[in-house]
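See below for the structure under consideration.
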Amino acid sequence: MPELPEVETIKKALEQNLLDQTLSAVEVLNPKLRFKVPTKELKALVDHKIISIRRRSKYLLLDFSNALTLIIHLGMTGRLLLDGKSYKHDHVILTFKSGQRLTYNDVRKFGLIDICQSGDLDNHKLIKNLGIEPLESKFTKANLKEIFSNKSKSIKLAIMDANLVVGVGNIYASESLFESKISPLRQASSLKEFEIENLRKAIIKTLKAALKAGGSTLKDFKHLSGDSGYFQHSFLVYDREGQACKNCKKAIIRIKQQGRSTFYCTNCQK
DNA sequence: AACCGCGCCTGTTCGC
DNA sequence: TGCGAACAGGCGCGGT
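Residues 1 to 270 (our numbering) make up the first sequence, in order.
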């Protein structure tokens, strides 16, 4: 599934391919994504140019020359394709004057497409409460300490909470906690400063490693982008229930936290 | 206010 | 072997 590193990779590829291009048509084959696709509003983008492309959390933001911003979230299984072909589960097609076609394809329809005034983006309900970007300068020990200080929920849920830290999904949460030797069950507020710092470094390390892997696997973005399973061979704990911990050889266990699987080593993570 | 569980959706895996 | 049940998960939403 698209995680922050993959969304970042897609963002760069979109930049290379679609920047300065003028939209010529919007086709909504199926408006039933996570939220109803605002077909009529999207048509307002026709004849306007993409002037910049950004990423915030796992949202892709395409700024158009008429001061509207297209918001795209890929959810679990969303893909953006530029290969000009048609596939099952294609939902939205943007055609450009250059002839290029950007297709939004999504098996499970957990993704979303929305639009807003560029100037109002920071007030958009999906954007306004987003937390710290882990690969940017505000992701500091001090800020994390502040964020975690009054949180009674578990550290795993805390780092997955996009209102606190963005981009850490279920996989990277388990991986980062293993990397920093912290139990996913610990209360967020119970972390010592050195643990917060270890976790901070682990999140950065994990995301950067995945970004690197995503970058190499997805360089043929023109043909297809999506979940190529690029990082799965590097998992230390995720999806490794019953297998030996790569550090101490004890069996990795799986628990459920808020309905989501968490994988960890009870020996290495305290 | 903070937190937790639900539901969306479909392809894949699992168990009988 | 075949079929239905369970599972996977990002994340907004509603209930507590």
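For every residue, glycine included, the Cβ atom is placed at its ideal position computed from N, Cα and C. Since the structure is predicted, the reported quantities are computational estimates derived from the model, not experimental observations.
Can you grab the Cα-Cα spacing for the pair Gly-99 / Lys-11, in whole Å?
20 Å
Just verifying my parser: in three-state terms, what is the DSSP assignment at Ile-71?
strand
Return the chain-ordered ranges of every beta strand (DSSP E) run that is complete within the segment 82-118 and spans a minimum of 3 residues.
90-96, 101-106 and 112-117
Phe-148 beta carbon less than 7 Å from that of Ala-173
no
By the 10 Å Cβ neighbour count, where 16 or more other Cβ atoms means buried, how is Ser-234 classified, buried or exposed?
exposed
In the structure shown, what three-state DSSP assignment does Ile-182 receive?
coil
Cα-Cα separation, Asn-267 to Cys-248
8 Å
For a test of the three-state rule: what should DSSP assign to Ser-234, helix, strand or coil?
helix
Determine the DSSP secondary structure at Ile-253, reduced to helix, strand or coil.
strand
Near Pro-2, which residues of its chain fall below 6 Å by C-beta distance, leaving aside the five closest residues on each side in sequence?
Leu-74
Below 7 Å between beta carbons: does that hold for His-91 and Leu-130?
no
Are the Cβ atoms of Thr-69 and Lys-49 separated by less than 7 Å?
no
Using a Cβ-Cβ cutoff of less than 8 Å, which residues in the same chain neighbour Val-46 once the five nearest sequence positions on both sides are dropped?
Leu-23, Ser-24, Ala-25 and Val-26
Any idea if Ile-115 is buried or exposed, counting beta-carbon neighbours within 10 angstroms, 16 or more meaning buried?
buried
Looking at the secondary structure, which residues open and close the beta strand (DSSP E) in which Val-28 lies?
23-28
Which same chain residues, not among the five before or five after Leu-62, have their C-beta less than 6 Å away from its C-beta?
Ile-50, Ile-53 and Leu-70
Note down the Cα distance separating Lys-36 from Arg-55, rounded to an integer number of angstroms.
22 Å
Do the segment 180-200 and the segment 147-166 touch if we need at least three Cβ pairs shorter than 8 Å?
yes
Selection from Ala-210, Ser-176 and Leu-207 that minimises the alpha carbon distance to Ile-196
Ser-176
What residue range does the alpha helix (DSSP H) around Thr-39 cover?
39-43
What residue range is occupied by the uninterrupted alpha helix (DSSP H) comprising Thr-9?
4-18
Buried versus exposed, by CB contacts within 10 Å (16 or more), Phe-64
buried
Which of helix, strand or coil DSSP assigns to Ile-127
coil
Could you check the C-alpha separation between Asn-42 and Thr-103 for me, to the nearest Å?
Note that residue 42 corresponds to Leu in the displayed sequence, not to Asn. If I take the Cα positions, the gap works out to 14 Å.
Leu-144, enclosing alpha helix (DSSP H) - first and last residue
141-149
Counting only the same chain and skipping the five closest in sequence on each side, list residues whose C-beta sits under 8 Å from that of Cys-265.
Phe-178, Val-237, Cys-245, Asn-247, Cys-248, Lys-250, Ile-252 and Ile-253
So, Thr-77 versus Asp-106, is the Cβ gap smaller than 7 Å?
yes
What first and last residue would you give for the alpha helix (DSSP H) that runs through Leu-157?
155-160
Kindly list the residues whose CB is nearer than 7 Å to the CB of Leu-144, restricted to its own chain and excluding five residues on each side of it in sequence; keep chain order.
Ile-196 and Arg-200
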